[in-house]
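Participant: The structure that follows is given in the form of structure tokens.
Residue numbers (our numbering): 48 to 327.
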């Protein structure tokens, strides 16, 4: 049985205190406003995103080709990725939860440059799955309700939820602002995309026997070289035009041979997502 090695969520915990300190004296993460995007961009220019996963072995996405991609900030620090699934809701990983409001940036490509396609929304509430286990990362899914609905246009569009689960060997795309190098870290400012394939449940269980559950899927390239990584947590895995995965965890060094990234299997949670949105 293969050794699993150190397994980590594809994120570095960002605290409210740390985020407040990063924005400068006299500020706090609670002081962000929906009209403050230019100021946030100015601050973010000098900060590395927290280690929540970027794409290894990918390339810059065509600008605004992923109009559902969300960037989740705590203060001026990138905390996680997410996916817009309606005008009012973003879905991300439960381990991206923090104890202060999250700023959600939509319509982004270069997070250090103002393109005037961006929309900044504050979080009204964050709802983690009731079965989330912070130790095993099982049920690692969370919904964020936006304080103000997104304005939909060609640069900001929700992604459809799946009607069926993905098949082994299905080709997918993962996207995020995470590191493009591992184990060294380098965080480019533009959204990156990487092509990966779905592994079978049997393959995933044999690779990660202690941690893998039926609520997870793994995707990558068998020989290695392409993977989500630190900074990509919570971001989308796109398969055939549907949201099939949410970046969750993987090995400490990303894109190793026979060590695919692990994702939340979104098809298992569609009923919970719809019920939660309807009740809130």
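Idealized CB from N, CA, C, for every residue including glycine.
Distance, Cα to Cα, residue 151 vs residue 205?
Facilitator: Computed Cα separation, rounded: 14 Å.
Participant: Would you identify the three-state DSSP class for residue 156, choosing helix, strand or coil?
Facilitator: The answer is coil: DSSP assigns residue 156 none of H, G, I, E or B.
Participant: Once the 5 residues before and after residue 171 are set aside, which same chain residues still bring their CB inside 6 Å of it?
Facilitator: 192, 194.
Participant: Under 6 Å Cβ to Cβ from residue 207, same chain only, skipping five residues before and after it: list those, please.
Facilitator: If we look at residue 207 and ignore the five residues flanking it on each side, its Cβ neighbours are 289.
Participant: Apart from the five residues on each side of it in sequence, which residues of its chain come closer than 7 Å, Cβ to Cβ, to residue 162?
Facilitator: Cβ within range, chain order: 156.
Participant: On a Cα-Cα basis, can you pick out the residue from 261, 122, 258, 286 that is closest to residue 267?
Facilitator: Among 261, 122, 258, 286, the Cα nearest to that of residue 267 is on 286.
Participant: With DSSP run on the structure shown, which of helix, strand or coil describes residue 239?
Facilitator: Strand, per DSSP.
Participant: Specify whether the stretch 172–192 and the stretch 135–146 touch according to this definition: at least 3 beta carbon pairs, one from each stretch, less than 8 Å apart.
Facilitator: The stretch 172–192 is in contact with the stretch 135–146.
Participant: Return the CA-CA distance between residue 259 and residue 188, expressed in angstroms with no decimal places.
Facilitator: Their backbone Cα atoms lie some 15 Å apart in a straight line.
Participant: Taking the alpha-carbon positions, what's the residue 213 to residue 295 distance?
Facilitator: Their backbone Cα atoms lie some 17 Å apart in a straight line.
Participant: Could you check if residue 185 is buried or exposed, using at least 16 other CB atoms within 10 Å of its CB as the buried criterion?
Facilitator: Counting Cβ neighbours within 10 Å, residue 185 comes out buried, since at least 16 surround it.
Participant: Specify, as a first and last residue, the run of the alpha helix (DSSP H) that residue 113 falls within.
Facilitator: Taken as a continuous stretch (DSSP letters only), residue 113 belongs to no alpha helix (DSSP H), as it is neither H nor E.
Participant: DSSP state of residue 261, grouped into three classes?
Facilitator: Residue 261: coil per DSSP, three-state reduction.
Participant: Which residue from 117, 131, 105 puts its Cα closest to that of residue 125?
Facilitator: That would be 117, whose Cα lies nearest to the Cα of residue 125.
Participant: Alpha carbon to alpha carbon, how far is residue 253 from residue 165?
Facilitator: Taking the straight line joining both Cα atoms gives about 42 Å.
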